[in-house]
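In full-length UniProt numbering, the protein residues as written are 1 to 521.
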Amino acid sequence: MPFNFAQIFQDDLITSMVRKTAYGLATTCVLGAAAYAGYCVAAPEKHQLRHYRHPELNDQIEKVLDSLKITDDQLEQIMHLLEEEMNAGLSPLTHHQAIVKMFPTYVRNIPNGTEIGQVLALDLGGTNFRVLLIDLRGNSRIELTSKIFLIPQSVMIGDGKRLFRHLAECLHEFMQKERILNTGVCYPIGFTFSFPCQQEGLASARLTAWTKGFDCSGVVNEDVVKLLQDAIDEKRINAKCVALINDTVGTLMACAYKDPSTAIGLILGTGTNACYIENLDKVGTWKGDYNEPKQVIINMEWGAFGDNGRLNLIRTKYDEEVDLSSMNPGKQIFEKMISGMYMGEIVRLIILDLLQQELLFLGHRDTYGDYKTPLYNRGGFYTKFVSTVEIDEGIQFSNTRRVLEDIGIRNPTYDDCAIVRHICRQVSKRAAKLAAAGLAVLINRIGRSNITVGVDGSLYRYHPRFKHNMERCMETLINKSIQFKLTLSDDGSGKGAAMVACLADDSLCKKSVVHNETTRD
Ligand code: ADP
Ligand code: MG
């Protein structure tokens with residue numbers, strides 16, 4: 001065959017053209033795919049959800065999730081309602097029937113970092129009980145050792161005396177380990193007791209109602225400090241409870257120790273609640289003196305907001321179901337839409353609803369008949385799963401797959417994972433918006449140019465977007481002249497109790513040293 005240069009040339013030309021076109025196409029494809037993957041990661045949630053699915057199904061899902069959306073107008077309405085409830089709680093004429101109780105705490109001095117002392121703190125917050133030994137070093141430095149104890153379910157709903165005996169036993173064990181038992185020194189205790197209390201002094205507080213799964217008999221209307229002290233004395237422990245606070249106050253105090261512009265304490269843990277520094281002239285229920293500083297920390301007990309139906313405009317059938325199956329139906333309505341004790345359950349109920357409407361886990365009809373799996377059982381979807389799922393950013397869904405496996409769904413599809421993440425995002429975003437609206441009321445009311453909010457609680461601490469979602473919402477609701485900051489108040493409920501105890505008059509404690517020594521002789 002004759003050698004044909006022209007042919008070679010032409011072949012080469014064609015090959016080269018084909019190659020170039022192929023390269024071009026390949027490059028376009030790669031770039032396009034990369035751009036699309038990037039778009040998927042950064043795209044609004046709806047677009048991720050709509051990928052691959054029949055649009056009608058997605059519309060049906062969106063319809064279900066629409067009930068969770070809160071508009072800006074609704075948020076402003078909620079802020080207005082909350083402020084009305086706050087004023088009702090602060091007025092002596094309406095306090096009695098008020099829903100948001102706005103309890104004055106008797107904590108008026110805010111620490112400044114110069115406090116010195118060795119103090120014990122007890123923290124009964126809901127999920128765990130902690131005992132802490134705290135050394136305030138006087139230069140904004142704090143050293144602490146602590147131990148976590150579990151409160152068995154039987155104790156949480158048993159006899160009240162048994163609960164306080166259990167707390168005293170844990171304290172005894174801790175002090176023995178720290179070698180501070182029977183030393184002749186009486187240690188002051190700051191008791192963080194995070195349940196609604198009508199306070200009658202710094203070391204006197206009557207429980208008004210149990211919340212967060214506790215329901216011990218013989219405690220409501222009783223002085224909780226006295227019940228604790230009786231149990232401590234019964235075990236002959238050298239310690240005296242000199243102050244009772246709740247975790248919001250502890251959080252505010254611990255944050256103020258480092259940042260003097262702190263004026264609000266917020267909890268987003270098992271439950272939710274907030275406290276803030278209020279001027280005495282706005283506290284009609286105040287029974288103490290009017291000396292300087294003319295301010296007192298108000299424990300709002302905002303979890304009860306909505307207990308009179310005022311949040312019905314935004315409640316969904318899932319909220320109603322969570323409430324009905326709780327230990328305190330009709331109570332803590334705001335809390336049940338926000339906090340860690342309930343968030344996972346709301347997600348579980350939505351998943352079940354979508355499943356029953358055949359919008360989710362379509363390929364798993366044969367497995368989802370297994371009613372023993374966590375998916376079908378109350379509490380089966382932990383709130384920490386919401387965080388785990390939302391950590392997934394892209395389209396791999398490795399966390400979401402793990403969580404779904406944990407609740408009994410094996411080999412979920414891409415769509416299943418995308419929908420579950422979408423549900424988690426909507427539920428946690430709604431919670432963040434509601435907490436943000438509450439804070440916005442307080443910040444606008446305090447009105448200082450710079451306000452720091454100390455925040456504590458596992459939901460805030462571990463959820464990957466909660467803080468960001470709150471901040472974004474707060475920016476739209478807070479007066480533009482005010483700068484605000486959300487600061488994680490590390491271990492606030494422990495350290496703050498120690499600070500209040502340290503600031504408290506410890507003369508009672510000194511008397512009890514004498515008493516203890518006398519009885520030993
Ligand atoms: P408490 O409020 O009892 O003092 P925490 O602040 O630790 O205790 O809050 C406990 C609550 O936080 C539980 O309801 C739990 O579901 C929730 N939680 C625990 N871990 C996480 C997490 N990783 N993400 C979101 N919520 C969490
Ligand atoms: Mg706590």
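Built from N, CA and C at the ideal position, the CB exists for glycine as well. A quick note: this is a predicted structure, and the numbers were derived from the prediction, not measured.
Tell me which residue opens and which closes the alpha helix (DSSP H) that residue i is part of.
{"i": "Gly306", "result": "It is not in any alpha helix (DSSP H) - Gly306 carries neither H nor E in the DSSP assignment."}
{"i": "Tyr462", "result": "Ser458 to Tyr462"}
{"i": "Gln198", "result": "No alpha helix (DSSP H) holds Gln198; the beta strand (DSSP E) holding it covers Cys197 to Gly201."}
{"i": "Asp247", "result": "Asp247 to Ala256"}
{"i": "residue 534", "result": "Examination of residue 534 is not possible in this model, given that the chain is present from 1 through 521 alone."}
{"i": "Gln153", "result": "Gln153 to Met156"}
{"i": "Arg402", "result": "Ser398 to Asp406"}
{"i": "Phe334", "result": "Ile333 to Ile338"}
{"i": "Ser493", "result": "Gly492 to Leu503"}
{"i": "Leu228", "result": "Val224 to Glu234"}
Could you please give me the residues that DSSP links to residue i through a beta bridge?
{"i": "Ala239", "result": "Tyr187"}
{"i": "Leu477", "result": "For Leu477, which the question treats as bridged, DSSP gives no partner whatsoever."}
{"i": "Thr388", "result": "Answer is none; Thr388 lacks a bridge partner."}
{"i": "Phe193", "result": "Leu124"}
{"i": "Thr452", "result": "Thr262 and Lys485"}
{"i": "Gln118", "result": "Asp135"}
{"i": "Val220", "result": "Leu207"}
{"i": "Leu244", "result": "Phe191"}
Considering just the uninterrupted stretch of the beta strand (DSSP E) at residue i, what are its terminal residues?
{"i": "Lys147", "result": "Ile142 to Phe149"}
{"i": "Arg130", "result": "Phe129 to Arg137"}
{"i": "Glu358", "result": "Looking at the DSSP string, Glu358 is not in any beta strand (DSSP E), and its letter there is neither H nor E."}
{"i": "Cys424", "result": "Careful: Cys424 lies outside any beta strand (DSSP E), inside the alpha helix (DSSP H) at Tyr414 to Ile446."}
{"i": "Asn299", "result": "Gln295 to Asn299"}
{"i": "Glu278", "result": "Thr272 to Asn279"}
{"i": "Gly265", "result": "Thr262 to Leu268"}
{"i": "Leu488", "result": "Gln483 to Leu488"}
{"i": "Leu324", "result": "It is not in any beta strand (DSSP E) - Leu324 instead sits in the alpha helix (DSSP H) that spans Lys317 to Leu324."}
{"i": "Ala205", "result": "Ser204 to Leu207"}
Are the beta-carbon atoms of residue i and residue j separated by less than 8 Å?
{"i": "Glu335", "j": "Gly271", "result": "yes"}
{"i": "Asn291", "j": "Thr105", "result": "no"}
{"i": "Leu171", "j": "Ala239", "result": "yes"}
{"i": "Asp247", "j": "Gly125", "result": "yes"}
{"i": "Ala436", "j": "Met470", "result": "yes"}
{"i": "Leu207", "j": "Asn221", "result": "yes"}
{"i": "Val389", "j": "Thr373", "result": "no"}
{"i": "Cys197", "j": "Gly454", "result": "no"}
{"i": "Leu477", "j": "Leu82", "result": "no"}
{"i": "Asp353", "j": "Gly408", "result": "no"}
{"i": "Leu122", "j": "Phe191", "result": "yes"}
{"i": "Arg348", "j": "Gly303", "result": "no"}
{"i": "Ala205", "j": "Val219", "result": "no"}
{"i": "Glu85", "j": "Ala98", "result": "yes"}
{"i": "Ile116", "j": "Leu136", "result": "yes"}
{"i": "Ile267", "j": "Asp456", "result": "yes"}
{"i": "Met253", "j": "Ile110", "result": "yes"}
{"i": "residue 524", "j": "Ser194", "result": "In the structure displayed, the chain extends from 1 to 521; residue 524 sits before or after that span and is not available."}
{"i": "Ala501", "j": "Pro188", "result": "yes"}
{"i": "Ser398", "j": "Asp406", "result": "no"}
{"i": "Thr413", "j": "Gly447", "result": "no"}
{"i": "Thr383", "j": "Leu459", "result": "yes"}
{"i": "Leu359", "j": "Leu57", "result": "yes"}
{"i": "Val296", "j": "Arg108", "result": "yes"}
{"i": "Lys433", "j": "Ile61", "result": "no"}
Assuming residue i and residue j make a contact with CB atoms under 8 Å, what is their CB distance in whole Å?
{"i": "Thr251", "j": "Gly269", "result": "Not really, about 10 Å apart at Cβ, beyond 8 Å."}
{"i": "Gly496", "j": "Val249", "result": "6 Å"}
{"i": "Asn322", "j": "Val386", "result": "Reading off the sequence, residue 322 comes out as Val, not Asn. Contact doesn't hold; Cβ gap of about 14 Å is too wide."}
{"i": "Thr211", "j": "Asn328", "result": "6 Å"}
{"i": "Ile423", "j": "Ile314", "result": "Not really, about 17 Å apart at Cβ, beyond 8 Å."}
{"i": "Ser217", "j": "Gly160", "result": "6 Å"}
{"i": "Ala263", "j": "Ile482", "result": "Contact flag wrong, Cβ pair sits at about 11 Å."}
{"i": "Val131", "j": "Phe174", "result": "4 Å"}
{"i": "Leu311", "j": "Ile333", "result": "6 Å"}
{"i": "Val441", "j": "Met102", "result": "At roughly 12 Å, the Cβ-Cβ gap does not stay under 8 Å, so Val441 and Met102 are not in contact."}
{"i": "Asn273", "j": "Glu234", "result": "Going by Cβ atoms, the distance from Asn273 to Glu234 rounds to 31 Å, so no, they are not a contact pair."}
{"i": "Lys294", "j": "Asn279", "result": "6 Å"}
{"i": "Ile134", "j": "Leu144", "result": "5 Å"}
{"i": "Tyr318", "j": "Ile277", "result": "36 Å between Cβ atoms; not a contact."}
Would the C-beta of residue i count as close to the ligand ZN, meaning under 7 Å from any of its heavy atoms?
{"i": "Asp491", "result": "This structure lacks the ligand ZN; the ligands present are the ligand ADP and the ligand MG."}
Length-filtered (4 minimum) alpha helix (DSSP H) runs lying within the segment 71-116: 72-90
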